[in-house]
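Taken in order, the sequence shown gives residues -18 to -1, 1 to 500; the numbers are from mature numbering (1 follows the signal peptide of the UniProt record, and there is no 0).
Working notes, beginning with the structure itself.
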Amino acid sequence: MQIKLLLVLLSSLYVAKSYKILVYSAPLSFSHIQFVGRIADILQEAGHDVTVFHPRREKLRESAISAVAKQVIYELPDYMKEKMSTKQFNFWDKNTGTVSFQKKFVSTFTQLQVEVCDLLLSDNHTMDELRNKHFDVGITEMLGACGFGLFDKIGVDHIICASAVGVQSTMNNFFDMPHLTSITPTPLSPYTDKMNFFERTINFITARIEGRMTDFITSKYEKVWSRHGVLPKMEDYRAKINYILSNSDEFLHFSKPTTAKIVHIGGITIPEVPPLTEEFRDLMERKDRAGVVYISLGSLVPTKKMPSFFREAIFHVTRTFPQITFLWKTDVNDTVPAIPNLHTFSWLPQLSILAHPKLLCFVSHAGLNSVLELTRSGKPSILVPIFGDQFGNARIVESKNTTIVLMKGDFNNKTFEAALSQIVYDESFAMRAKRLASLMVNKPFPLKERLVRTVEFSTKHGKIDNLDIYGNNFNAFQYYSIDVIAFLTTVTVLAIIFIIQLCKCCFRVVSAKRVKKD
């Protein structure tokens, strides 16, 4: 009887097919490598055969590239590693948020990624090795667009896209989404979705500049693809993609028209919160202190190079709030003055600190991973964006009324003190932060399940044309119904002219009859 029952139970189990998956991990910053590596690991844990192909530009722990998925590491030449170093950029410069700096950064970044792509596609031995593995599906980031051409080179026809920076407005056309600059600020715009006329004008102009930058990036990749005999147009690859695995959350972005192609999995890189060590627990739970402020501005901006006015603002505010403990992540051997309530470390357990109930505020650079950790922890913050997508990330959180944004050029004694006072003494910030965290953490479908089921479903069914919007084939006149509006306007004007002329004619006839009668 027990054996029969066991057979019935076993026969009722769903047996999913195991797929061979290649994940292209482009030589980008750590947050990008971590995001695609986590995707690979989750799929591997779900029973699939996953390989991560990573051109390595810097020394990383192998577990950072992937913990359980197989790895194929392609060592880049030393000269190329040197060129890809971010040391050439001074991210503390006040101009890092300007369009000119962003254009320079994007141009340099694109050229280096294209050179890597040219190198990879030229390596026939590596391409043959990958081709012989007969992968079912490839996953690549939008910013690591070389993956598209690489997949075509080795015969992987089915592609799933990923994005460690969420779905930026520059990607809208690629995924059949309208870019409405009236309600959606561009990544280069310092605005939220509530813009006045002047701000909408600036946002409109900025969007045009970003469009040109996107065309520039696309043209660079297309030249390389054409040279190596793979599909030469970005449109060719767009047509193969069903979904984009986005490092974003549907409750943490500007509300705008969207598409079923976007699968929000923001937070999959966040592990379980480990307990605090005794050292940090003692600092967090001091009974003579009202709480803790945690300061961390990212790993790409060395605190030793921090402008003096910025450092002085931190020291000033620390002295102004002696009842609060300040924990500050600084460079190794960075020297700071002795202030009783200021403690500096070259490493801190960020997740554990964010989860602690005595944390009053997180002062952050608004990197996307830090923003996701922050918002999912339910803590208020002060965000000081430094460069790149951090400006947009900060404004998104600001639109949820859980943070105060300070531009780094405006960061001084007065502004930092005022912002921290508002966060600490206005409890509404903490209340809204807890509400946002509850929405993000307790959503109906777990992130891992979303990821695994999306990849399996997409791979099983191949290209799903049902998700494509036909309007993507329209020109601007058709897409915005300008031709229809012009036609209806012309018909209306002609009708009005006809009616006026008819009335005039009738009036003349009536007038003529009256004259004859008189």
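We put the beta carbon where it would ideally sit given N, CA and C, even for glycine.
For residue 322, tell me which candidate among 104, 333 and 300 has the shortest Cα-Cα distance.
300
Quick one: is residue 154 buried, meaning 16 or more other Cβ sit within 10 Å of its Cβ, or exposed?
buried
Jot down the residue ranges of each uninterrupted beta strand (DSSP E) in the region 312 to 388, minimum 3 residues, whole runs only, in chain order.
324 to 327, 341 to 346, 363 to 365 and 385 to 387
Less than 6 Å between C-beta atoms, sequence neighbours within five positions excluded: which residues of the same chain meet that for residue -12?
Its pLDDT being 40, under 50, residue -12 is placed unreliably in this model, and the value from its coordinates should be taken loosely. Around residue -12: no qualifying Cβ.
What three-state label does DSSP hand residue 93 in the structure shown?
helix
Give me, in chain order, the residues of the same chain whose beta-carbon lies closer than 7 Å to that of residue 336; leave out the 5 immediate sequence neighbours on both sides.
344, 355, 356, 359 and 361
In terms of alpha-carbon separation, which member of -2, 20, 15 and 54 lies closest to residue 30?
-2
Does residue -1 come out as helix, strand or coil in the three-state DSSP assignment?
coil
I'd like to confirm the pairing. Which residues does DSSP put opposite residue 143 in its beta bridges?
122 and 226
Under 8 Å between the Cβ atoms of residue 117 and residue 2?
yes
Please classify residue 21 as buried or exposed, where buried requires at least 16 neighbouring CB atoms within 10 angstroms.
buried
Taking the runs of the alpha helix (DSSP H) that are 4 residues or longer, which of them lie wholly in the region 398 to 449?
409 to 423 and 429 to 443
Please state whether DSSP places residue 133 in a helix, a strand or coil.
helix
Spatial neighbours of residue 129 in its chain, beta-carbon cut-off 6 Å, leaving aside the 5 residues before and after:
6 and 122
Helix, strand or coil: which one does DSSP assign to residue 470?
helix
Which residues in the same chain as residue 215 place their Cβ atom closer than 7 Å to its Cβ, once the five residues preceding and following it in sequence are excluded?
204
Using a Cβ distance threshold of 8 Å, determine whether the region 183 to 196 contacts the region 159 to 168, with at least three qualifying pairs required.
yes
Could you give the first and the last residue of the continuous alpha helix (DSSP H) run that contains residue 262?
260 to 266
Would you report the Cα separation of residue -4 and residue 27, rounded to the nearest angstrom?
Confidence is the limiting factor: at residue -4 the pLDDT is only 40, short of 50, which leaves the residue's position unreliable and the question unanswerable from this model.
With a Cβ-Cβ cutoff of 8 Å, do residue 395 and residue 294 count as a contact?
yes
Go to residue 36, then tell me how far its beta strand (DSSP E) extends in each direction, as first and last residue.
31 to 38
In terms of alpha-carbon separation, which member of 90, 381 and 324 lies closest to residue 172?
381
Which partner residues does residue 278 have in the DSSP bridge list?
346
Report buried or exposed for residue 169, applying the criterion of at least 16 other Cβ atoms within 10 angstroms of its Cβ.
buried
Considering just the uninterrupted stretch of the beta strand (DSSP E) at residue 54, what are its terminal residues?
52 to 57
To the nearest angstrom, how far is the alpha carbon of residue 250 from that of residue 105?
33 Å
If you measure between the beta carbons of residue 314 and residue 326, is that distance less than 8 Å?
no
Buried or exposed: where does residue 420 fall if 16 or more other Cβ atoms within 10 Å of its Cβ makes it buried?
exposed
Only counting the same chain, and skipping five residues up and downstream in sequence, which positions put a Cβ closer than 6 Å to that of residue 430?
24
Per DSSP, what are the beta-bridge partners of residue 5 in this structure?
34 and 121
Could you check how far apart the C-beta atoms of residue 298 and residue 125 are, in whole angstroms? I think they sit under 8 Å.
Not confirmed; about 38 Å, so no contact.
Going straight from the alpha carbon of residue 84 to that of residue 367, what length do you get?
14 Å
Opposing strand residues paired with residue 166 [DSSP bridges]:
In DSSP, residue 166 forms no bridge with anything.
What's the call for residue 434, buried or exposed, on a 16-neighbour Cβ count within 10 Å?
buried
Whole-angstrom distance between residue 239 and residue 61, CA atom to CA atom:
44 Å
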